[in-house]
């Protein structure tokens, strides 16, 4: 048995064991918001999740920059160059969502605002990012497993399943959106641990998880 095989086997067990605490907690949360729908309706859980993801992205980016050979001033400038546009986009999108701009009744006869809000920043920013040498340094220094594990937050997509069980959301939307999000979140930690092994098997598992997550995202945007 090679060292790579031993490493993969030793990581596979805790990877699967991650489901033993993620799945029960997800189930408990789903049952809670079914029992007390006002919790989800208050917007507090969604707000908390968004702020948590925002904070983790900011911290993760800074830690990644610290692992590069950039000077302190360069790290600070790079961090601000990413976080300022990200913060502005998040604030604008959040405000628009609160005002109901992305509602079906508003967008039916106009431009598809939700897809534009998601993809337009990517279309504009991707060329800049891909041509940046500093971005390459950050990506080389930042473990891919960080970005994978971050997707654990998608277990909170169980709100759609809870809404379905309460009769507040049709199954044609709730089932694909809820199941896809929950499965992506449940397996995020396992995929992150697999990616961290650096083995071919681990990379294949992470790629398969990523394809599934992107497919779920595409379905959700199509149904929105």
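Numbering (this note's numbering), first residue to last: 1132 to 1355.
Cβ coordinates follow ideal geometry from the N, Cα and C atoms, glycine included.
Treat the numbers as computed from the prediction; the structure is a model and nothing was measured.
- prompt: For residue 1345, is the classification buried or exposed, using 16 other Cβ atoms within 10 angstroms of its Cβ as the cut-off for buried?
  reply: exposed
- request: Can you tell me which of the three DSSP states residue 1198 falls into?
  value: coil
query: Roughly how far, in whole angstroms, is the beta-carbon of residue 1268 from the beta-carbon of residue 1211, given that I think they are within contact range, below 8 Å?
result: Between residue 1211 and residue 1268 the Cβ distance is about 16 Å, and since that is not below 8 Å, they are no contact.
Backbone secondary structure at residue 1153 - three-state DSSP: helix
query: Taking Cβ to Cβ, would you say residue 1351 is nearer than 9 Å to residue 1301?
result: no
message: Since residue 1343 and residue 1315 should fall inside the 8 Å C-beta cutoff, what is the C-beta to C-beta distance between them, to a whole number of angstroms?
response: 6 Å
- request: Verify whether the separation of the beta carbon atoms of residue 1272 and residue 1171 is less than 9 Å.
  value: no
message: Which residue wins for smallest C-alpha separation from residue 1392, given the options 1323, 1297, 1332?
response: Any property of residue 1392 remains undetermined from this structure, which presents the chain solely from 1132 to 1355.
- prompt: Just how far apart, CA to CA, sit residue 1329 and residue 1322?
  reply: 12 Å
query: Rounded C-beta distance between residue 1320 and residue 1280? I'm assuming under 8 Å.
result: 6 Å
field: Rounded C-alpha distance that separates residue 1326 from residue 1275
entry: 7 Å
message: Output needed for residue 1165: all residues of its chain with C-beta closer than 8 Å, excluding positions within five of it in sequence on either side, in chain order.
response: 1293, 1296, 1297
Outcome for residue 1305 when other beta-carbon atoms lying within 10 angstroms are tallied against a minimum of 16: buried
field: Alpha carbon of residue 1354 to alpha carbon of residue 1203, nearest angstrom
entry: 45 Å
field: CB of residue 1218 within 9 Å of CB of residue 1317, strictly
entry: no
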